[in-house]
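Take a look at the structure below.
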Amino acid sequence: MGMTTPAEKYRIVTWVALIVTFVMSSSAFYASEFHDFVVSDTKFEAPVSWMKMKPSSSMRKAQFAVSRDGITDKGEIVFFYFGPGGAGGTKANVQRWYRQFKEPESQLEAQSEKITVGAHSVTLVKASGTFLSGSPLGPKTAKAGYALLGAILEAPKGHIFIKFTGPLDLVIDTEKEFKEMVEKAKISR
291 MGMTTPAEKY RIVTWVALIV TFVMSSSAFY ASEFHDFVVS DTKFEAPVSW MKMKPSSSMR
351 KAQFAVSRDG ITDKGEIVFF YFGPGGAGGT KANVQRWYRQ FKEPESQLEA QSEKITVGAH
411 SVTLVKASGT FLSGSPLGPK TAKAGYALLG AILEAPKGHI FIKFTGPLDL VIDTEKEFKE
471 MVEKAKISR
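In case it helps, the working numbering puts the sequence shown at residues 291 to 479.
Next up, the structure:
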């Protein structure tokens with residue numbers, strides 16, 4: 291092999307610089323850590339570890355599947371929006387979520403708390419027991435050892451309902467991500 295001339299060195303350095311610039315500016319190089327999406331007029335950021343799914347019904351505005359190593363069943367996170375006054379108030383929906391468990395509310399491991407996101411009230415809901423999976427009017431499948439983590443955002447254009455159901459260990463493992471997503475929501479005024 292012969293010696294490299296200054297002109298050849300310049301060409302090599304130029305090509306390397308162009309390739310590095312292309313790779314560094316590529317969107318694949320800077321992959322986002324979040325799925326950005328909007329429900330009504332509220333912007334959310336869901337972790338990319340949540341698999342974005344096509345909503346399985348027109349009532350669902352966004353839907354994700356969640357899984358973790360060592361946990362067989364997947365969890366499901368669903369976003370509902372029905373417009374102003376749609377689907378009833380916060381208390382009615384919390385009660386409806388509790389009734390999705392086999393155990394009576396008095397025996398259910400359940401709690402709710404109010405937080406504020408921006409200037410808006412949010413009710414966080416937790417429950418665990420035997421979840422009755424299925425559509426509201428269809429047959430139900432009892433799933434023991436399941437949990438529900440929910441959030442009701444009281445947005446100006448109507449409440450946004452977020453419901454996460456899955457195996458208890460999965461819900462516990464994902465709770466921090468869920469709460470962070472809710473707390474970082476950008477609710478329009």
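Where a beta carbon is used, it is the ideal one built from N, C-alpha and C, also for glycine.
Discussion item. Here's the rule: buried if 16 or more other CB atoms are within 10 angstroms of the residue's CB, otherwise exposed. What is isoleucine 405?
Written reply: exposed
Fill in: C-beta atoms of leucine 458 and glycine 440 nearer than 7 Å
no
Discussion item. Is the beta carbon of phenylalanine 369 closer than 7 Å to that of alanine 475?
Written reply: no
Discussion item. Just to confirm before moving on: does the CB-CB distance between serine 418 and glutamate 395 stay below 7 Å?
Written reply: no
Practice prompt. Check the C-beta distance from valine 461 over to alanine 437 and give it rounded, since I have them as a contact under 8 Å.
Written response: 4 Å
Discussion item. Tell me which residues share the same chain as valine 329 and place their Cβ nearer than 8 Å to its Cβ, disregarding the 5 neighbours each side in the sequence.
Written reply: Cβ-Cβ distances below 8 Å link valine 329 to Lys351, Ala352, Phe369, Tyr371, Ile450 in the same chain, with the five nearest sequence neighbours on each side left out; the list follows chain order.
Worksheet item: Do alanine 355 and methionine 471 have their C-beta atoms within less than 7 Å of each other?
Response: Their beta carbons are not under 7 Å apart, which means alanine 355 does not touch methionine 471 by this criterion.
Worksheet item: Terminal residues of the continuous alpha helix (DSSP H) containing lysine 469?
Response: 458 to 473
Worksheet item: Under the three-state reduction of DSSP, which class applies to threonine 362: helix, strand or coil?
Response: coil
Worksheet item: What residues in its chain sit with their C-beta under 7 Å from that of alanine 432, if we drop five residues either side in the sequence?
Response: These residues qualify, in order along the chain: Lys392, Thr420, Leu422.
Worksheet entry | Given glycine 408 as reference, the closest of Ala377, Gln397, Glu444 once Cα atoms are compared | Glu444
Discussion item. Could you compute how far the alpha carbon of glycine 448 sits from the alpha carbon of glycine 376?
Written reply: 7 Å
Discussion item. I'd like the list of long-range same chain contacts for phenylalanine 324, defined as Cβ closer than 7 Å, with 5 residues on each side in sequence excluded.
Written reply: Once the five neighbours on either side are set aside, the close Cβ partners of phenylalanine 324 are Glu335, Ala336, Pro337, Val338.
Worksheet item: In terms of alpha-carbon separation, which member of Lys381, Asp463, Ser478, Glu473 lies closest to glycine 360?
Response: Asp463
Worksheet item: Around the Cβ of serine 316, are there at least 16 other Cβ atoms within 10 angstroms (buried) or fewer (exposed)?
Response: Because serine 316 sits at a pLDDT of 45, beneath the cut-off of 50, its placement in the model cannot be relied upon, and the following sentence gives the value as read from the coordinates. So serine 316 counts as exposed.
Worksheet item: What distance in whole Å lies between the Cβ atoms of glycine 424 and lysine 364, which are believed to be in contact at a cut-off of 8 Å?
Response: Actually they do not touch by this definition, with Cβ atoms about 16 Å apart.
Item to complete: Let me know the secondary structure DSSP gives serine 423 once reduced to three states.
Response: strand
Discussion item. Please return the same chain residues whose Cβ sits closer than 7 Å to the Cβ of glutamate 473, not counting the five positions on each side in sequence.
Written reply: Val407
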